[in-house]
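Protein chains in written order, with the UniProt record's numbering: chain A, 1 to 218; chain B, 1 to 218.
Before any comments, here is the structure.
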DNA sequence: ACGTCGATGTATCGCACCGATACATCGACG
DNA sequence: CGTCGATGTATCGGTGCGATACATCGACGT
């Protein structure tokens with residue numbers, strides 16, 4: 001099952017929503033956006049592009065020669081991809097989901113990078129979801145640390161401590177962001193016009209489990 | 001080539017050096033040591049164990065029934081692995097390497113967790129190597145950020161900033177550790193009660209082991 | 001004029017590893 | 001006595017990485 005790596009496709013669709021691009025340039029943007037580490041390999045990108053094209057979410061056009069305005073930039077033989085209407089619709093669906101799949105480690109960064117295309121309510125839910133997730137993790141690790149502290153090596157302990165600090169730091173970061181978003185929700189600004197065509201009343205595809213409401217545990 | 005995932009094998013060998021274990025328990029220790037996230041899957045562990053056994057670095061013994069002393073702990077049918085002499089030697093080689101392969105993202109955590117089995121000089125080299133690596137990364141990202149700052153989304157910028165902070169935090173951590181290790185090098189203390197069986201005092205002192213010269217390919 | 005070097009560009013292949021799953025036994029709890 | 005969670009070994013499909021191949025182009029030196 002595993003949803004054919006939703007996150008990769010979300011990222012590609014999200015970048016292409018801004019402007020049509022060819023693979024090479026797309027990869028550069030992707031890596032820039034994702035913080036320069038966490039690189040995306042061509043071995044993933046090109047197959048993904050082909051799959052996306054087969055499902056008519058994007059359309060590729062081979063460009064032989066671009067008539068140069070400045071006499072430069074005359075590269076040839078590239079395949080420029082752009083979103084189809086279907087693709088835009090699909091992207092809207094992906095961006096409106098706010099379940100666990102949006103805030104887990106593998107996907108959160110990409111979803112966050114696309115926050116500019118996401119409505120404020122969804123942003124807040126994702127932020128809170130991730131915060132809760134990290135808090136749970138913190139709890140688990142701390143508990144397990146208390147149980148096993150004695151038997152552990154000095155360096156292992158230090159590694160654990162540092163890992164904890166990193167997560168705590170991310171939680172603090174999230175708290176700031178949540179604060180900001182809450183403020184924004186109070187003073188709603190017309191921050192961006194969406195594509196008007198896709199009315200798609202989103203049927204919260206996240207996950208049906210009723211226990212998933214945010215809950216806001218300390 | 002990619003050296004059959006040296007890091008996984010280092011981790012397994014390192015844990016087994018403390019005490020013989022079976023797969024299930026081994027995995028628990030591994031995950032505990034590695035900070036509870038970054039989990040190791042059985043899909044990696046069991047094949048790795050088999051490979052290690054084939055190369056006579058570890059030896060597995062099937063235990064049918066343990067005569068219980070306390071009337072409990074009578075589980076059956078488990079395969080307990082322990083290091084062979086060859087395996088111990090190999091582990092020493094792995095632990096004495098201090099090149100890039102030791103301080104890259106994929107391996108640093110494991111190597112650090114095994115610092116208790118590593119001599120002070122190697123520890124310091126690895127720590128400094130990683131610090132330099134992260135500083136380079138910081139430099140690159142900052143530079144690229146300066147070039148592209150204008151064209152980037154508010155949230156993308158925030159993501160970048162947070163990523164930078166995380167790395168900066170790790171650098172600060174490393175600086176503390178380097179300080180500590182330097183102090184330790186100056187005042188050499190008989191640190192840590194290790195497991196008594198594992199030869200802390202190296203047999204055959206003048207043993208440069210020509211085949212395994214560290215060197216590590218920059 | 002020639003070489004070659006790095007950036008741009010598309011594409012594939014091996015394989016390491018994860019996530020899911022299957023199967024089995026055991027202790028504990030109601 | 002039934003089932004549930006922990007213990008335990010093992011495999012399998014799929015995703016994505018790293019390496020590589022191939023090709024063109026501008027720029028630079030000599």
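Ideal Cβ positions, reconstructed from N, Cα and C, are used throughout, including at glycine.
Model, not experiment: these values are computed from the prediction.
### Query
Going along the stretch 97 to 123 of chain A in order, which residues come within less than 7 Å of chain B, judged by CB to CB distance?
Residues passing the 7 Å Cβ filter: 109, 112, 113, 115 and 116.
### Query
Cα separation between residue 43/A and residue 81/A?
One C-alpha to the other measures close to 17 Å.
### Query
Given that residue 219/B touches chain A, what residues does it touch there, using C-beta distances under 7 Å?
Residue 219/B is absent from the model: chain B starts at 1 and stops at 218.
#### Entry: As assigned by DSSP and simplified to three states, the class of residue 196/A
For residue 196/A, the predicted model reports a pLDDT of 42, less than 50, meaning its position is unreliable and no value from the coordinates is stated.
### Query
In chain order, what residues of the same chain lie with their CB nearer than 7 Å to the CB of residue 145/A, ignoring the 5 residues before and after it?
A distance below 7 Å between beta-carbons, with the five flanking residues on each side excluded, links residue 145/A to the following residues of its chain, in chain order: 160.
### Query
From residue 105/A to residue 119/B, what distance separates their C-alpha atoms?
Whole-angstrom Cα-Cα distance: 35 Å.
### Message
I'd like to confirm the pairing. Which residues does DSSP put opposite residue 79/B in its beta bridges?
### Response
The partner list for residue 79/B (beta bridge, DSSP) reads 62/B.
#### Entry: Opposing strand residues paired with residue 220/B [DSSP bridges]
Outside the shown range of chain B (1 to 218) lies residue 220/B, about which nothing can therefore be said.
#### Entry: Residues near residue 39/B by beta carbon distance below 6 Å, same chain, minus five either side
Closer than 6 Å at Cβ, skipping near neighbours: 31.
### Query
Is the shortest distance between the beta-carbon of residue 174/A and the beta-carbons of chain B less than 7 Å?
With its beta carbon at least 7 Å from every one in chain B, residue 174/A lies outside the interface.
#### Entry: residue 40/B in three-state terms, based on DSSP
Coil, per DSSP.
### Query
Applying the criterion that 16 or more other CB atoms from any shown protein chain within 10 Å of the CB defines a buried residue, is residue 28/B buried or exposed?
Its Cβ having fewer than 16 others within 10 Å, residue 28/B is exposed.
### Message
For a test of the three-state rule: what should DSSP assign to residue 74/B, helix, strand or coil?
### Response
Below a pLDDT of 50, predicted positions are generally treated as unreliable, and residue 74/B, at 44, falls in that range; no measurement from the model is reported.
### Task
Quick one: grab the DSSP three-state call for residue 152/A.
Three-state result, residue 152/A: coil.
#### Entry: DSSP state of residue 127/B mapped onto helix, strand, coil
The answer is helix: DSSP assigns residue 127/B an H, G or I state.
### Query
Roughly how many angstroms lie between the CA atoms of residue 53/B and residue 48/A, to the nearest whole one?
So the alpha carbons of these two residues sit roughly 38 Å apart.
### Task
Using 10 angstroms around the beta-carbon of residue 220/A, count the other beta-carbons present and answer buried if the total reaches 16, otherwise exposed.
As displayed, chain A neither begins before 1 nor continues past 218, which places residue 220/A out of reach and without an answer.
### Message
Quick check: is the beta carbon of residue 159/B nearer than 7 Å to any beta carbon in chain A?
### Response
Chain A contact via Cβ: present.
### Query
Can we say the stretch 93 to 108 of chain B touches the stretch 160 to 171 of chain B, given the rule of at least three CB pairs closer than 8 Å?
The answer is no - the stretch 160 to 171 of chain B does not touch the stretch 93 to 108 of chain B, with fewer than three Cβ pairs under 8 Å.
### Task
Going by DSSP, name the residue or residues bridged to residue 177/B.
Its beta-bridge partners do not exist; DSSP assigns none.
### Query
Can a CB atom of chain A be found closer than 7 Å to the CB of residue 86/B?
No, residue 86/B lies away from the interface with chain A (no Cβ there is under 7 Å from its Cβ).
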